[in-house]
Amino acid sequence: MNVIPLTLPQPGFKWELPSRGRVGMLSLIAAESAIFTIFVVAYLFYIGKSLTGPMPKEVLRVPVLYTICLLSSSLTIHLATRALRQGSNKVFATSWFVTLALGATFLFGTAREWHHLIYDEGLTISTNLFGTTYYSLVGLHAFHVTVGLLGLFIVLAFTLLGKLRQEHAERVDVLSLYWHFVDAVWVVVFTVVYVIGR
Amino acid sequence: MSSDSIAWPAAQPLSRPLTDRVHEWVTTVDHKRLGIMYIVYALCLLVIGGIEATIMRIQLIRPHNDFVSPQVFNRMFTMHGTTMIFFVAMPLVFGFANYLIPLMIGARDMAFPRLNAFSFWLMAFGGLLLYFSLLGANGLYGAGNAPDVGWWAYAPLTALPFSPGHSTDYWTLSLLVSGFGSMGTAINIIATVICMRCPGMTLAKMPLFAWLNLVMGVLVLEVISPLTAAQLMLLIDRYLGGHFFDTQAGGSAVIWMHFFWVFGHPEVYVLVIPAFACVSEIVPVFSRKAIFGYPIMVAATVCIGFISMSVWAHHMFTVGMSPQGNGFFVLSTMAIAVPTGIKIFNWLATMWGGKIEFKTPMLFCIAFLFQFLIAGLTGVIQASAPVDWQLAYSYFVVAHFHYVIVGGILFALFGAFHYWYPKITGRMLSETLGQLHFWLFFIGFHLTFDFMHIPGLLGMPRRIYTYEPGRGWEIWNLLVTIGVFFQAAGVLVFVGNLVWSYFGGKYAGRDPWDAWTLEWSTSSPPPAYNFAAIPTVRSRRPLWDLKHPDDPDWKYE
């Protein structure tokens with residue numbers, strides 16, 4: 161006898177457990193939050209401790225427009241996933257594309273900012289403590305945006321190939337959790353770098 | 043029986059060529075095979091890490107010994123610490139969690155089998171990177187060998203000018219890579235426990251093993267990630283010219299200590315909570331009683347998880363913190379003894395009035411109980427900042443944390459080996475060799491780590507490669523080193539037992555210990571699908587209910 165069937169009699173009950181994709185993604189977000197926390201703590205700890213310039217006040221410009229882009233992409237991705245759950249694929253494809261475009265715009269903004277800092281202001285990661293903490297924190301976030309954009313792009317590719325259907329709504333939902341996280345982290349990074357640190 | 047209608051190709055592997063079988067193991071996503079690979083990998087590195095410890099102890103057996111050079115001694119303690127924590131203890135813990143959790147909660151696999159395989163190979167690759175440093179760290183500079191910065195790798199010793207060559211880079215990369223592996227495994231454990239339980243198994247009816255590993259998973263996410271972040275910063279410093287830990291440019295060496303110990307202290311609980319998990323399964327079965335105070339055990343574990351994240355700076359009393367900082371970390375460190383004490387009393391209460399069977403797994407668990415208690419008591423002693431100022435960086439500390447890790451964690455895991463080996467291989471471990479292993483290791487452990495406290499109290503600092511005669515340290519160091527040989531003999535007997543019993547052990551059958559959790563309801567070793575029909579449970583001890591239909595647990599829970 162290999163296996164004994166173990167079914168103990170029990171009055172009828174419903175057995176539902178949370179989706180593993182959702183729990184897995186939330187766990188990943190918890191871990192990522194811890195990583196960001198350490199970088200944020202380092203940033204806050206080193207504010208004003210640079211021995212040489214340039215200092216944040218002299219060179220940092222607040223990226224208001226790009227921030228609006230990224231934050232509103234949270235709204236569009238929410239609309240997109242809701243549309244997919246309801247089965248309106250056209251609305252989904254449009255809002256998904258807008259999300260991708262907004263995210264890409266934000267990344268372009270970071271690139272422009274870095275270009276300005278490196279070529280016009282002469283601030284690199286090894287210039288001073290501000291450079292070290294700034295590029296690592298903002299860079300870590302930009303890296304997460306990039307990964308998110310890759311995920312968004314893969315879903316978009318499937319959508320354009322006509323392979324994405326309503327039944328995939330839950331998986332797309334899980335990806336949207338990650339994107340919301342990337343947006344939420346930006347709120348923290350923005351506050352730390354451009355409000356407190358400036 | 044209807045369950046036999048699904049054919050399990052058990053007899054097949056022997057006839058197939060070796061390459062096929064290796065290929066099957068390398069590409070597997072089965073939680074049981076991955077669990078076994080974790081465990082075997084950890085056992086190999088346990089032997090290597092043990093050899094490194096033995097080299098250090100031979101060097102310290104008498105004053106002015108010249109068995110190894112100071113440089114080699116530095117590499118030995120760095121490699122010993124890093125290996126034992128990251129590539130022995132962690133994979134052992136993950137191996138047992140991987141193997142047992144799905145079986146205990148009535149699932150057919152982990153939540154993410156491919157992530158599981160990926161995590162294992164990341165960890166395996168991390169260990170490889172660490173040991174590849176012996177060959178690769180020379181680089182073009184002719185400097186460096188194995189890492190020699192200690193397992194905390196305090197700044198600024200790790201900065202480029204002080205650690206030229208690539209040895210420190212290998213150390214950093216190996217921890218970074220295995221850190222991502224741990225993160226993957228932790229995500230998997232959490233998702234499995236939360237989302238894969240069989241019908242009827244509510245959170246309050248889960249085996250404690252699953253509960254405690256869930257807490258461990260959450261802790262891993264919250265404490266390995268800071269280490270990963272700190273390693274990224276170190277890499278930025280070393281490769282991109284960053285200044286995080288560069289005191290010359292305004293950076294801080296102390297912040298590395300904070301980041302490291304934010305990981306380093308909860309890491310002890312990451313390792314000891316799964317050890318608690320094993321003890322919580324073994325003690326009831328060999329006391330023939332249900333676990334005492336199940337809800338309190340869960341609450342105490344969650345409590346330990348929370349408090350453990352606010353005690354880290356007790357490693358840093360000597361750095362010079364504010365009185366408020368010292369006060370906070372003294373109190374929080376002492377507070378953690380409360381939930382831990384609750385657990386110890388619960389295990390004792392489980393044994394109280396039980397029909398205790400002194401089989402090898404139980405022997406290890408009883409030794410665990412008393413040794414972990416002593417380890418906790420020396421911990422509370424050092425939690426007091428003024429005492430710590432006296433004892434920090436001495437052999438007293440080394441003795442204390444080896445009491446936790448060897449006397450606590452390793453003993454519990456040895457118990458787990460003896461308890462679950464029949465399930466994993468289908469054969470019993472030899473009881474005679476098991477007892478021999480226990481007594482050799484027990485005597486060796488106490489010779490080594492009891493007497494190691496004393497040179498610490500007499501002022502012997504850790505990490506010195508030799509010492510002057512005439513300070514009263516000689517006899518203690520001699521005894522400590524003699525103990526190591528007993529421990530080594532114990533481990534040899536253990537490895538011999540594992541190998542011999544695999545081929546010649548008694549067949550175990552489904553349920554050799556008359557136990558109560560779901561893993562014992564399936565064959566030994568379990569089929570690839572674990573359960574032919576997904577079980578339904580009504581209490582914490584489903585097999586008890588099955589064996590005693592007249593007096594089932596669910597009537598009382």
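Keeping their order, the protein sequence lines are chains E and S.
Position in the first sequence counted from 1, then plus 160, gives you the numbering used here.
Position in the second sequence counted from 1, then plus 42, gives you the numbering used here.
Cβ coordinates follow ideal geometry from the N, Cα and C atoms, glycine included.
Is there a Cβ from chain S that is less than 9 Å from the Cβ of K217(E)? By 1-based counting over the first sequence, the position of residue 217(E) is 57. It does not; no Cβ of chain S falls within 9 Å.
When you compare the CB of W256(E) with every CB in chain S, is at least one pair closer than 9 Å? To locate residue 256(E), count along the first sequence from 1; it is residue 96. Not one chain S Cβ lies under 9 Å of W256(E).
Chain-ordered chain S contacts of L289(E) [CB-CB under 7 Å]: What you label residue 289(E) is simply residue 129 of the first sequence in a count that begins at 1. Going along chain S in sequence order, the residues near L289(E) (Cβ under 7 Å) are H285, A291, G292, G293.
What separation, rounded to the nearest whole angstrom, lies between the Cα atoms of T61(S) and W67(S)? For the purposes of this step, residue 61(S) is identified with residue 19 of the second sequence, where counting begins at 1. For the purposes of this step, residue 67(S) is identified with residue 25 of the second sequence, where counting begins at 1. Rounded to the nearest angstrom, the gap between the Cα atoms of T61(S) and W67(S) is 10 Å.
Quick one: what's S566(S) bridged to in DSSP? Looking up residue 566(S) in the second sequence gives position 524. The partner list for S566(S) (beta bridge, DSSP) is empty, contrary to what the question assumes.
Between the alpha carbons of D593(S) and Y549(S), how many angstroms are there, rounded? The residue labelled residue 593(S) in the question sits at position 551 within the second sequence. The residue labelled residue 549(S) in the question sits at position 507 within the second sequence. If I take the Cα positions, the gap works out to 30 Å.
Do the CB positions of I232(S) and L256(S) come within less than 9 Å of each other? Along the second sequence, read from residue 1 onward, the residue named residue 232(S) stands at position 190. Along the second sequence, read from residue 1 onward, the residue named residue 256(S) stands at position 214. Against a cut-off of 9 Å, the Cβ pair of L256(S) and I232(S) comes out as a contact.
If you draw a straight line from the C-alpha of K250(E) to the C-alpha of A264(E), how long is it? Start at 1 with the first residue of the first sequence, and residue 250(E) comes out as number 90. Start at 1 with the first residue of the first sequence, and residue 264(E) comes out as number 104. About 21 Å.
With contact counted as at least three CB pairs below 8 Å, one residue from each stretch, are the stretch 392-399 of chain S and the stretch 363-370 of chain S in contact? no
Spatially closest choice to L312(E) from V342(E), F173(E), G213(E), by CA coordinates: Sequence index remark: in the first sequence, residue 312(E) carries index 152 (1-based). The shortest C-alpha separation from L312(E) is found at V342(E).
Pull the bridge partners of P503(S) from the DSSP assignment, please. Here residue 503(S) is taken as the residue at index 461 of the second sequence, counted from 1. In the DSSP secondary-structure assignment, P503(S) is bridged to S436(S).
Less than 9 Å separating the beta-carbons of S563(S) and D556(S)? By one-based count along the second sequence, residue 563(S) stands at place 521. By one-based count along the second sequence, residue 556(S) stands at place 514. Not in contact: S563(S) and D556(S) (Cβ atoms no closer than 9 Å).
So, I384(S) versus I338(S), is the Cβ gap smaller than 9 Å? Residue numbering aside, residue 384(S) sits at position 342 when the second sequence is read from its first letter. Residue numbering aside, residue 338(S) sits at position 296 when the second sequence is read from its first letter. Yes, Cβ-Cβ distance for I384(S) and I338(S) is below 9 Å.
Could you name the residues of the same chain whose beta carbon sits closer than 7 Å to that of M146(S), not counting the 5 residues immediately before and after it, in chain order? By one-based count along the second sequence, residue 146(S) stands at place 104. Answer for M146(S): P249, F251, A252, T559, L560, E561, listed in chain order.
C-alpha distance - F438(S) paired with T197(E), whole-angstrom precision: What you label residue 438(S) is simply residue 396 of the second sequence in a count that begins at 1. What you label residue 197(E) is simply residue 37 of the first sequence in a count that begins at 1. Straight-line Cα distance between these residues: approximately 34 Å.
With a cut-off of 8 Å, do at least 3 Cβ pairs link the stretch 494-508 of chain S to the stretch 434-451 of chain S? yes
When the Cα of V265(S) is compared with those of D279(S), F459(S), N116(S), L313(S), which residue comes out closest? Sequence index remark: in the second sequence, residue 265(S) carries index 223 (1-based). The residue with the shortest Cα to Cα distance from V265(S) is L313(S).
Applying the criterion that 16 or more other CB atoms from any shown protein chain within 10 Å of the CB defines a buried residue, is P268(S) buried or exposed? Residue mapping note: residue 268(S) aligns to position 226 of the second sequence, counting from 1. When all chains shown are included, P268(S) counts as buried.
Measure the alpha-carbon distance for R239(S) versus L231(E) and round it to whole angstroms. On the second sequence, position 197 is the one that residue 239(S) refers to. On the first sequence, position 71 is the one that residue 231(E) refers to. The straight-line gap from Cα to Cα measures roughly 37 Å.
Name the two residues that bound the continuous alpha helix (DSSP H) containing M358(S). For this step, residue 358(S) is matched to residue 316 along the second sequence. Here M358(S) belongs to no alpha helix (DSSP H), and DSSP marks it neither H nor E.
At the level of alpha carbons, what is the spacing between L211(E) and V448(S)? In the first sequence, counting from the first residue as 1, residue 211(E) sits at position 51. In the second sequence, counting from the first residue as 1, residue 448(S) sits at position 406. Distance between the alpha carbons of L211(E) and V448(S): 46 Å.
For the alpha helix (DSSP H) holding R242(E), just list the boundary residues, first then last. Translated into positions along the first sequence, residue 242(E) becomes position 82. Counting along the chain, the alpha helix (DSSP H) containing R242(E) begins and ends at 224-246.
What residues match up with Y549(S) in a beta bridge as DSSP calls it? Within the second sequence, residue 549(S) is the residue found at index 507, counting from 1. DSSP lists R469(S) as partners of Y549(S).
Take every Cβ of the stretch 422-438 of chain S, pair it with every Cβ of the stretch 446-465 of chain S, and state whether three or more of those distances are shorter than 8 Å. no
Are the C-beta atoms of Y206(E) and some chain S residue less than 9 Å apart? Translated into the one-based positions of the first sequence, residue 206(E) becomes position 46. So yes, Y206(E) belongs to the interface.
State the Cα-Cα distance for the pair L411(S) and P591(S), rounded to the nearest angstrom. The sequence position of residue 411(S) within the second sequence is 369, counting from 1. The sequence position of residue 591(S) within the second sequence is 549, counting from 1. About 34 Å.
Given a threshold of 16 other Cβ atoms within 10 Å of its Cβ, counted over all protein chains shown, does S329(S) qualify as buried or as exposed? Position 287 of the second sequence, counted from the start, is the residue given in the question as residue 329(S). Within a 10 Å sphere around the beta-carbon of S329(S) sit 16 or more other beta-carbons, which makes this residue buried.
Amino acids of chain S, ordered along the chain, whose beta-carbon sits closer than 7 Å to that of L211(E): In the first sequence, the residue the question calls residue 211(E) occupies position 51. In chain order: A291, G292.
Buried or exposed: where does D587(S) fall if 16 or more other Cβ atoms within 10 Å of its Cβ makes it buried? Position 545 of the second sequence, counting from 1, holds the residue named residue 587(S). Buried is the call here.
Near L337(E), what residues of its chain come up, given a Cβ to Cβ distance below 8 Å and the 5 sequence neighbours on each side ignored? Indexing the first sequence from 1 puts residue 337(E) at position 177. If we look at L337(E) and ignore the five residues flanking it on each side, its Cβ neighbours are R182, M185, L186, I189.
Cβ closer than 7 Å: which chain E residues qualify as neighbours of R582(S)? What you label residue 582(S) is simply residue 540 of the second sequence in a count that begins at 1. Here the premise fails: no neighbours, minimum Cβ distance about 12 Å.
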